[in-house]
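Q: There's a structure below that I have some questions on.
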Amino acid sequence: MEILAAYDSTGSFRSAGDLAGCSHHTVKKYVAARDAGTPIPTTTPRSKNTDDYLKYIDRYVEETKGKIRVDKVHERIQRVGYTGSERSTRRAVNLAKRSWRAVNQRVHAPWVTEPGRWLQYDFGDGPIIDGFKTVLFVAWLAWSRFRIVIPLRDKSMPTVFARVLDML
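If you count the sequence shown from 1, you need to add 1 to reach the numbering used here.
What follows is the structure, given as structure tokens:
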């Protein structure tokens, strides 16, 4: 929502700031400028002292696959004439690394089981027998139609192993 439209809707600097996503001080400036008939204040992006050296920073980040340290980048761009602070270099390098990682992010490859090689299992709720709730242990080989269903009293490891070994 635009700042002035938000103020016209609410009549409050703070509420308009919340709706527009800015400070209530900004809303106050905009309303004062509109009431005075002056143009609404705008900001122009300022150039940074690292702008002329971004091609070097991007190249160093690309060459090292995002592993280069800021102090090393700072040393290298000082050799080609950079006079800014290491803090400015740090901001530029972090931005370059973030954009490099966004492009070169490793895609998660799902794990596909090999047929008959992996035993998969799960527990389910079983019926109530003699007033006791049972648990069903279900196991199957990956990509197999063969299933084992064992009713158990609980999910504890000794109970599961005892029942499975009884079946073998």
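Don't be surprised by glycine CBs; every beta carbon is placed ideally from N, CA and C. If you're wondering where the values come from, they're calculated on a predicted model, not measured in any experiment.
PHE14: buried (16+ other C-beta within 10 angstroms of its C-beta) or exposed?
A: Under this definition PHE14 is a buried residue.
Q: Tell me the residue span of the beta strand (DSSP E) that contains ARG35.
A: It is not in any beta strand (DSSP E) - ARG35 instead sits in the alpha helix (DSSP H) that spans 25–37.
Q: Assign PHE133 to one of two classes, buried (16 or more other C-beta atoms within 10 Å of its C-beta) or exposed (fewer than that).
A: PHE133 comes out exposed.
Q: Nearest to SER48 by alpha carbon, out of GLN121, GLY85, LEU142, ARG164?
A: Selected option, being the one with the closest Cα: GLY85.
Q: Under DSSP, the alpha helix (DSSP H) around TRP101 begins and ends at which residues?
A: Where TRP101 is concerned, the enclosing alpha helix (DSSP H) stretches over 87–104.
Q: Find out if the Cβ-Cβ distance for the pair ILE1, ALA34 is shorter than 8 Å.
A: Within the shown structure, residues of the chain are numbered from 2 to 169, placing residue 1 beyond reach of any answer.
Q: What number of angstroms, rounded off, separates the C-alpha of LEU137 from the C-alpha of ILE69?
A: Their backbone Cα atoms lie some 54 Å apart in a straight line.
Q: From LEU5, LEU55, ASP36, LYS30, pick the residue whose C-alpha is nearest to that of ASN95; which is it?
A: Of LEU5, LEU55, ASP36, LYS30, the residue nearest in Cα terms is LEU55.
Q: Any idea what DSSP makes of PHE14, helix, strand or coil?
A: DSSP places PHE14 in helix when its eight states are reduced to three.
Q: Can you grab the Cα-Cα spacing for the pair ASP36 / THR44, in whole Å?
A: One C-alpha to the other measures close to 19 Å.
Q: Roughly how many angstroms lie between the CA atoms of PRO111 and THR39, to the nearest whole one?
A: Distance between the alpha carbons of PRO111 and THR39: 59 Å.
Q: Flag VAL104 as yes if its beta-carbon sits less than 8 Å from any beta-carbon of chain C, otherwise no.
A: Of the protein chains in this structure there is only one, and it is not chain C.
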